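Novice: This is the structure, below, for whatever I ask next.
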Amino acid sequence: KNQVEQSPQSLIILEGKNCTLQCNYTVSPFSNLRWYKQDTGRGPVSLTIMTFSENTKSNGRYTATLDADTKQSSLHITASQLSDSASYICVVSASGGSYIPTFGRGTSLIVHP
Amino acid sequence: DTAVSQTPKYLVTQMGNDKSIKCEQNLGHDTMYWYKQDSKKFLKIMFSYNNKELIINETVPNRFSPKSPDKAHLNLHINSLELGDSAVYFCASSPYRDSQYQETQYFGPGTRLLVL
Chain A
-3 KNQVEQSPQS
7 LIILEGKNCT
17 LQCNYTVSPF
27 SNLRWYKQDT
37 GRGPVSLTIM
47 TFSENTKSNG
57 RYTATLDADT
67 KQSSLHITAS
77 QLSDSASYIC
87 VVSASGGSYI
97 PTFGRGTSLI
107 VHP
Chain B
289 DTAVSQTPKY
299 LVTQMGNDKS
309 IKCEQNLGHD
319 TMYWYKQDSK
329 KFLKIMFSYN
339 NKELIINETV
349 PNRFSPKSPD
359 KAHLNLHINS
369 LELGDSAVYF
379 CASSPYRDSQ
389 YQETQYFGPG
399 TRLLVL
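Note that the protein sequences, when read in sequence, are chains A and B. Read in my numbering, the first sequence has 41 at position 45, and its numbers run on one by one without any break. Count along the second sequence from 1, then add 288; that gives the number in my numbering.
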C-alpha cells in the first residue's frame, strides 16, 4: 500500500532559525515528489517538484532534497519568517495508470517572533 | 483575477439534502481535480478530469457526482448528504495530466461543508 509519512507532526521555532522537515514514502513505482505549503484556511501552494533523477531543488528559502534509494525527502527552510507558519505537505505520485497522488498528513510549523 | 475559484466558500446544510459546489479556473488548464480534506487536515484526491473526460475516480461513494460542462469548470454534486461528508473540499487544476508531466497543481480556496 502506498504511504507517505511526515515528521515531525508539529514544530515550533523562533524567527530567523532554520528547520528541516522529513518525508518518508513507500509509493511505487515512483514518479515525482512534491512539497506544498498550506496556510490556515487556504488551499495548498506548490513549493517544489522533484523527479527520480533530481536530488535537490530550491525555491527561495525553501530547499527540498530527495534520496530515491532510501525513499526519503526533506524540506529545509532557511532564516524562517513569521509568514512561514503553515502546514507543509509532502505528496508522492506513482507512475503508470492515472498517477494518483498520495498525501502525507503534513507538518504544522509555527514560527514565533 | 482569481486563478481557481470555488463557490460557495461555506456551506452548512442538513443531513439528507443535496448540494453542489462549483469550481472554475481561468488558467486555460486541461486537467481539474476535486480533493477532500478531513478534520485531521488529511488531503485525499476524489476525482480528476482531463479535457472533460474522467481519468481518476477514487473510492468515493456514488452519492458524489462530478460534472465538467467544459474544460474550465468542474462541479461537484453531492446527494443525500451524511455527517461524515463534513470536510473542506478543494478544487485544483494543472496544465496537463498530473505527475507524468510534473506540472504544478493550482488549488482553489476551498469550500467548507458542514452537515448537521
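For every residue, glycine included, the Cβ atom is placed at its ideal position computed from N, Cα and C. Just so you know, these numbers come straight off a predicted model, no measurement behind them.
1. How is residue 81/A classed by DSSP in three states: helix, strand or coil?
2. Using a threshold of 8 Å, state whether the C-beta atoms of residue 41/A and residue 98/A are closer than that.
3. If we count the other Cβ atoms within 10 Å of its Cβ and call it buried at 16 or more, is residue 326/B buried or exposed?
4. From the DSSP output, which residues share a beta bridge with residue 360/B?
5. Would you kindly check if the distance between the Cβ of residue 323/B and the Cβ of residue 331/B is under 8 Å?
6. Would a check of beta-carbon distances place residue 315/B closer than 8 Å to chain C?
7. Taking the straight line between their C-alpha atoms, what separation do you get for residue 319/B and residue 365/B?
8. Please identify the residue among 39/A, 90/A, 13/A, 25/A whose C-alpha is closest to the C-alpha of residue 82/A.
9. For residue 21/A, which option in 69/A, 37/A, 35/A has the closest C-alpha, if you only look at C-alpha atoms?
10. Taking the C-alpha atoms as reference points, what is the distance between residue 375/B and residue 104/A?
11. Suppose you measure from the CA of residue 5/A to the CA of residue 310/B; what does that come to, to the nearest Å?
12. Provide the residue span of the beta strand (DSSP E) that contains residue 299/B, from first to last.
Specialist: The answer reads as follows:
1. Counted from its first residue, the first sequence places residue 81/A at position 85. Coil, per DSSP.
2. Residue mapping note: residue 41/A aligns to position 45 of the first sequence, counting from 1. Residue mapping note: residue 98/A aligns to position 102 of the first sequence, counting from 1. No, they are not a contact pair.
3. In the second sequence, residue 326/B corresponds to position 38, counting from 1. Burial call: exposed.
4. By one-based count along the second sequence, residue 360/B stands at place 72. Partner(s): none; residue 360/B has no beta bridge.
5. In the second sequence, residue 331/B corresponds to position 43, counting from 1. In the second sequence, residue 323/B corresponds to position 35, counting from 1. Yes.
6. In summary, chain C is missing from the structure at hand, where the protein chains are A and B.
7. Here residue 319/B refers to the residue found at position 31 of the second sequence. Here residue 365/B refers to the residue found at position 77 of the second sequence. Distance between the alpha carbons of residue 319/B and residue 365/B is about 18 Å.
8. Counted from its first residue, the first sequence places residue 82/A at position 86. Looking at the Cα atoms, 39/A is the closest of the given residues.
9. Numbered from its first residue, the first sequence carries residue 21/A at position 25. Selected option, being the one with the closest Cα: 69/A.
10. Working through the second sequence from its first residue, we reach residue 375/B at position 87. Working through the first sequence from its first residue, we reach residue 104/A at position 108. If you take the alpha carbons of residue 375/B and residue 104/A, they lie about 19 Å apart.
11. Looking up residue 5/A in the first sequence gives position 9. Looking up residue 310/B in the second sequence gives position 22. So the alpha carbons of these two residues sit roughly 32 Å apart.
12. Here residue 299/B is taken as the residue at index 11 of the second sequence, counted from 1. Per DSSP, residue 299/B belongs to the beta strand (DSSP E) from 298 to 301.
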